[in-house]
Structures are given as C-alpha cells and as structure tokens.
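Worksheet: one structure, shown below.
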Amino acid sequence: MQIPKDFLLGAATSAHQVEGENINNDWWYWEQKGKLPESGVACDHYHKYQEDFALAKSVGLNAQRIGIEWARVEPEPGIMDRGEINHYRNVLKELRKQGFAIMVTLHHFTLPRWASEEGGFLSNRVRIAFADFAGMMVAEFDDLVDWWITINEPEVYTAMGYGKGVWPPFKKGLWFMYRVQRALVKAHKLAFSKIKNQNPKAQVGIAKNNAAYYPARMGNPFDQLLVWCVKAIRNHTFLKAIVKYQDFIGLNFYFTHWLSFPFGGFDIKTTRKPHSDMGWFIYPQGLKDVLLELKQYNCPIYVTENGLADTADNYRGDYLRDHLGAVFAAKELGADVRGYFYWSLLDNYEWHEGFGPRFGLIAVDYPTQTRTLRESAKIFKELI
Ligand code: BGC
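When you line the sequence shown up against numbering that gives the first Met the number 0, it's residues 0 to 383, in that order.
This is the structure in structure tokens:
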C-alpha cells in the first residue's frame with residue numbers, strides 16, 4: 000500500500016466528548032437531571048490540548064479534526080463569549096504550530112441550551128442562529144481552519160434524539176424524524192451560504208454516516224431490492240439534498256449490514272467475530288464499497304471518522320491497517336479520497352454509553368487524567 004505524500008492521516012474528536020464542563024449545552028442539562036451519564040471534566044482536553052496534540056504528532060499524524068462547542072461561544076442568544084473565542088484561537092494556533100492540517104466541526108450532537116429550548120433545529124430562528132454562528136466562526140478562524148464540517152451525522156442525530164428518543168430532546172416518532180432531517184438540510188444550506196459569504200473559497204461539507212449494505216441471501220431479488228432502497232434512503236437522501244452545497248464529503252464509517260427481506264438484518268450488534276467491545280462487526284471491505292458508492296458525487300472525500308471501542312487493544316492495529324488498505328483500494332478504483340481520520344484521538348465520553356467504551360489511540364486514565372499511547376497507535380505510526 001502506497002500512501003501519497005499529501006494524504007491526510009489524522010484523528011478526530013468532538014468538543015463535548017473530550018473537553019469537559021460544557022455547562023451551557025443541552026447534554027449537560029440532561030446529565031445533571033440524571034437522564035444521561037455525567038460527562039464532568041471528560042478528558043479535560045480543554046486544558047490538556049497541547050499535550051494531546053503533541054501525542055498525536057508523536058504518532059506521525061498530519062491532521063486533526065476537532066469540534067467547536069456552540070454553547071461555549073454563544074452561551075446566551077446573540078451574546079458571544081470572547082474568552083471562549085480566544086480559547087479556541089489558542090487551540091487552533093497550537094494545532095498549526097505543531098504542523099497539523101485542521102478540520103473543524105460546528106455541530107456534533109449538542110446544542111446550546113437556549114437553542115434546544117427554542118425547539119432545536121426544528122425552529123427557524125435556531126437554524127438562522129446556527130448559520131450566524133457558522134459565519135462568525137469563519138470570520139474569526141478562517142486563517143486557521145482548512146475544512147469546515149457544519150453537521151455531524153444527521154441521521155444518527157435524528158434517530159437517537161427524535162426516533163429512539165435516547166438523546167436530547169428525547170422525542171420519538173417518524174414524523175419528528177422526517178421533520179428534523181428536512182430541518183438539518185435547511186440548517187446546513189443556510190450555514191454553507193453564510194460561510195461562503197465570509198469566504199467563497201472556504202471548504203465546507205458535512206460528516207455523513209454511511210454504512211455498507213449487502214443482501215443477506217446472494218442473488219435473492221427481494222433482498223437486493225431492500226439493499227437498494229435502504230442505501231438510497233440512509234446513504235444518499237441527505238447527500239442528494241445538499242449536492243450543490245458541499246465542497247467535499249466527510250464519511251463516517253462504522254457499520255456493515257446484511258439485509259434480508261422484509262425486515263431482517265438491521266441489528267448492528269453482533270456476536271459474529273471480529274467485533275468491537277460494543278458488538279460492532281469489523282468489515283474493512285465495507286469501507287471500500289461505501290467509498291466507491293460516493294464516486295457518483297464527483298467531489299473529494301475525507302474519511303472523517305472510522306474506529307472501534309477496544310479496551311484491550313486486541314483489534315485496533317489490524318483494524319487500522321485493513322481499513323487504510325480499504326481506503327487505498329477504493330482510491331485506486333477512482334474514489335477521490337484525500338484523508339483518513341481515526342475515531343478517536345483519545346478515549347472519551349461515548350454519549351449515552353458514558354466512559355465505558357474506549358475508542359482512543361491514546362488511553363485516558365480518568366481519575367488521574369494520565370495519557371498513554373496504545374500499542375495500536377505505535378502500529379499506526381509504523382504504517383505512516
Ligand atoms: C460519532 C461519535 C461517536 C462515534 C462512536 C460517531 O457516530 O460521530 O461522536 O463517538 O460514532 O460511536
């Protein structure tokens with residue numbers, strides 16, 4: 000496998016999962032109410048970012064994807080916290096100083112509490128406020144950011160918060176899901192336009208959670224039809240809705256499903272080996288096929304997330320090698336992949352699962368906040 004010199008090899012984090020004490024967002028609110036595990040100081044990345052980036056550098060990574068927490072920057076509607084803006088400037092400057100290319104996410108599942116009280120993205124006012132926030136971040140940080148992600152995983156956000164109802168705002172129902180998906184498309188388009196008003200050359204996209212789907216029974220026309228339909232809905236509806244509003248596609252890849260008609264095979268948890276600590280089946284070929292599926296959009300692709308929970312670090316080294324292999328196999332077949340970000344740089348707060356699952360290249364001992372590079376990070380380094 001030949002890694003081109005300008006190819007990005009990085010790791011990703013999101014603000015709420017690593018920073019700690021994001022006291023002004025909706026997650027924090029529900030955490031205090033006992034509806035969600037408490038994130039507390041998380042990895043204290045808010046204070047330890049320098050050390051964390053230095054560790055990333057020691058692995059040989061040349062890019063980082065981080066999040067900016069809207070609730071920190073705009074704790075009350077229309078009121079910007081200059082102290083927090085300065086904090087993010089310092090974080091981004093540190094990344095630059097250490098020589099990283101930089102990708103920033105503006106919405107990674109959390110909302111300022113005031114925005115969530117207004118109805119979240121279902122409210123037109125909140126969508127406009129989000130776009131204003133995006134425009135403002137570009138005005139502040141354009142000199143330091145190479146790629147902007149407006150929204151992370153629209154379908155996961157919708158399904159967890161409005162379908163299954165296990166994340167804020169804990170709503171359930173297909174009608175909600177339909178409306179939120181449409182609202183996220185609108186929010187992305189508004190944010191895209193605001194960013195482009197600030198800087199027409201800014202590179203803007205979303206991080207799209209696409210999965211690989213195969214028929215459970217090869218050659219069975221019903222299974223094949225089901226796969227076609229599920230791919231069209233899950234992988235492509237959103238991307239097609241924003242097709243003129245993206246400069247690149249961010250792909251978050253975790254799952255492969257074998258579907259059997261009428262409803263079989265949706266379960267993402269498996270006992271089939273190899274699987275992660277969370278029961279997610281490991282199938283690198285899936286990444287290759289999902290990347291090839293994205294060729295139709297004719298725009299650059301970055302794998303913005305791919306990784307696994309693996310406390311014992313049994314699989315992560317092979318996982319990295321095989322998924323990078325899949326990326327370059329897809330690239331050879333014409334998929335314009337320009338970078339790969341492993342999820343995640345650090346062990347972190349895995350949403351409603353709390354701190355149990357460990358995705359990090361860097362292990363975090365939470366009580367002492369000590370960092371240790373996992374063996375797999377060393378394998379990644381060797382690969383690089
Ligand atoms: C999300 C991350 C999450 C990861 C592992 C992605 O869906 O963007 O926030 O930690 O998957 O579950």
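C-beta: ideal position from N, C-alpha, C; glycine also.
Three or more C-beta pairs below 8 Å linking the segment 196-209 and the segment 12-19: no
Which residues DSSP lists as bridging GLY249, in chain order: The residue you call residue 249 lines up with position 250 of the sequence shown. GLY249 pairs with ALA206, TYR301.
At least 3 beta-carbon pairs within less than 8 Å: the segment 107-114 vs the segment 24-34: yes
3-residue-minimum beta strand (DSSP E) runs that sit fully inside the segment 45-111, ordered along the chain: 62-66, 100-106
Endpoints, the beta strand (DSSP E) within which ALA11 is located: Your numbering for residue 11 matches position 12 in the sequence shown. Looking at the DSSP string, the run of the beta strand (DSSP E) that includes ALA11 is 7-11.
Any non-hydrogen atom of the ligand BGC closer than 7 Å to PHE358 Cβ: As a first step, residue 358 is located in the sequence shown; it is residue number 359 there, counting from the start. True, at least one ligand heavy atom lies under 7 Å from that Cβ.
VAL326 Cβ short of 7 Å to the ligand BGC heavy atom set: On the sequence shown, position 327 is the one that residue 326 refers to. No, since every heavy atom of the ligand BGC falls outside the 7 Å radius drawn around the Cβ of VAL326.
In DSSP terms, what ILE361 is bridged to: Taking the sequence shown and counting its residues from 1, one reaches residue 361 at position 362. According to DSSP, which records beta bridges pairwise, ILE361 is partnered with LEU345, LEU372.
Cβ pair LEU91, PHE52 closer than 8 Å: As a first step, residue 91 must be located in the sequence shown, where it is residue number 92. As a first step, residue 52 must be located in the sequence shown, where it is residue number 53. Taking 8 Å as the Cβ cut-off, LEU91 and PHE52 do not qualify as a contacting pair.
Beta-carbon proximity of GLN63 to ALA70, cut-off 8 Å: As a working note, residue 63 is residue 64 in the sequence shown. As a working note, residue 70 is residue 71 in the sequence shown. No, the pair does not count as a contact, with Cβ atoms beyond the cut-off.
Residues that DSSP places opposite TRP350 in a beta bridge: Looking up residue 350 in the sequence shown gives position 351. Answer is none; TRP350 lacks a bridge partner.
Residue burial classification, CYS228 (beta-carbon count within 10 angstroms, cutoff 16): Stepping through the sequence shown from its first residue, residue 228 is reached at position 229. When all chains shown are included, CYS228 counts as exposed.
Counterpart residues of THR367 in DSSP-defined beta bridges: Against the sequence shown, residue 367 aligns to sequence position 368. DSSP lists no partner for THR367.
Alpha-carbon spacing of ASP43 relative to ARG357, whole angstroms: In the sequence shown, the residue the question calls residue 43 occupies position 44. In the sequence shown, the residue the question calls residue 357 occupies position 358. In a straight line, the C-alpha of ASP43 is about 16 Å away from that of ARG357.
Three-state class that DSSP yields for GLY285 in the structure shown: What you label residue 285 is simply residue 286 of the sequence shown in a count that begins at 1. If DSSP states are grouped into helix, strand and coil, GLY285 belongs with the helices.
Any non-hydrogen atom of the ligand BGC within 7 Å of ASN151 CB: Counted from its first residue, the sequence shown places residue 151 at position 152. Within the cutoff, so yes.
8 Å Cβ shell around ALA215 - same chain, five flanking residues per side excluded: The residue labelled residue 215 in the question sits at position 216 within the sequence shown. Excluding positions up to five away in sequence, the list reads ASP222, TRP257, LEU258, SER259, GLY263, GLY264.
GLY316 - DSSP class collapsed to helix/strand/coil: Start at 1 with the first residue of the sequence shown, and residue 316 comes out as number 317. Here GLY316 sits in helix by DSSP.
Beta carbon of LEU307 nearer than 8 Å to that of TYR314: Mapped onto the sequence shown, residue 307 falls at position 308. Mapped onto the sequence shown, residue 314 falls at position 315. Closer than 8 Å, so yes.
Cβ-based neighbour list, ALA186, same chain, cut-off 6 Å, excluding 5 preceding and 5 following: Within the sequence shown, numbered from 1, the residue matching residue 186 stands at position 187. Correct list, in chain order: PHE120, ARG126, PHE129.
Residue of GLU75, ASP346, GLN295, LEU286 minimising C-alpha distance to ARG320: Walking along the sequence shown from the start, residue 320 turns up at place 321. Closest by alpha carbon: LEU286.
Beta-carbon proximity list for ALA182, same chain, < 6 Å, skipping 5 on both sides: Numbered from its first residue, the sequence shown carries residue 182 at position 183. Closer than 6 Å at the Cβ level, and outside the excluded window around ALA182, lie PHE120, LEU121.
Contact test: GLN16 Cβ vs the ligand BGC heavy atom, cutoff 7 Å: For the purposes of this step, residue 16 is taken as residue 17 along the sequence shown, with counting starting at 1. Yes, the Cβ of GLN16 comes within 7 Å of a heavy atom of the ligand BGC.
Euclidean distance between Cα positions of LEU8 and PHE108: Working through the sequence shown from its first residue, we reach residue 8 at position 9. Working through the sequence shown from its first residue, we reach residue 108 at position 109. Approximately 24 Å, taken between the alpha carbons.
Residue environment, MET217, which counts as buried when at least 16 other CB atoms sit within 10 Å: For this step, residue 217 is matched to residue 218 along the sequence shown. Classification for MET217: exposed.
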